[in-house]
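To keep things clear, I will list the structure first and then write my remarks on it.
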Amino acid sequence: MRPRELFVYGTLIHGALDPTVQNALSQHARPGPIARVRGELLDLGDFPGAIPATRGQSRIHGQLLTLLRPAPLLPVLDAYEGVDPSHPGRGLYRREIVRAHPRDGPPRPAWIYWLNRVPPGAVRLPDGRWAP
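Here the sequence shown is numbered in the working numbering, starting from 1 and rising by one per residue.
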C-alpha cells in the first residue's frame with residue numbers, strides 16, 4: 001500500500017517557490033501534524049536537503065501533508081524536487097517511504113524526498129530544523 005502522507009521539511013512547508021506547486025498542494029493536499037523522521041538535514045542555501053541518518057539518533061523535524069489526491073500531485077512535486085522517476089538515482093532527490101513519527105500519534109509510513117548526493121558546501125543542521 002502506498003502512503004497517503006508526505007513528510008516535508010523545507011520549502012514545501014514554508015511556501016513553495018513555484019506557483020504551480022503551490023496550486024497543486026492547495027488542491028490535492030492538506031496540512032497534517034508536526035512530525036519527525038530519522039535522518040540528517042542539510043542547508044543547501046535557498047533550500048534544505050535530507051539524507052538518511054548516518055549518526056545515532058539524528059532527527060529531521062517537519063510536517064506531514066495528507067495527500068488527498070496523490071496521482072495528480074506527486075508528479076508535480078517530483079518535478080519540483082528534481083526527481084527522475086525512470087532513474088531515481090540520477091535526479092537531485094529521490095522519493096522513498098520512511099517511518100514518520102507524528103507528535104501526537106503512532107508512527108506511520110510517509111513519502112520523503114532524500115538527496116541523492118550531498119552537494120559541495122552543504123551544511124549539516126544539527127537541530128534538524130530549517131528556516132528560510
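Ideal Cβ placement from N, Cα and C applies to all residues, glycine included.
Partner residues in a beta bridge of aspartate 18, as assigned by DSSP, do not exist.
Excluding its 5 nearest sequence neighbours in each direction, alanine 53 has C-beta neighbours in its own chain below 7 angstroms: Arg38, Gly39 and Glu40, listed in chain order. For proline 132, no alpha helix (DSSP H) run applies, since DSSP gives it neither H nor E. For valine 76, the enclosing alpha helix (DSSP H) has its first and last residue at 70-81. The Cβ neighbour count for proline 48, taken over all protein chains shown within 10 Å, is at least 16; the residue is labelled buried. Beta-bridge annotation (DSSP): glycine 49 is paired with Leu42.
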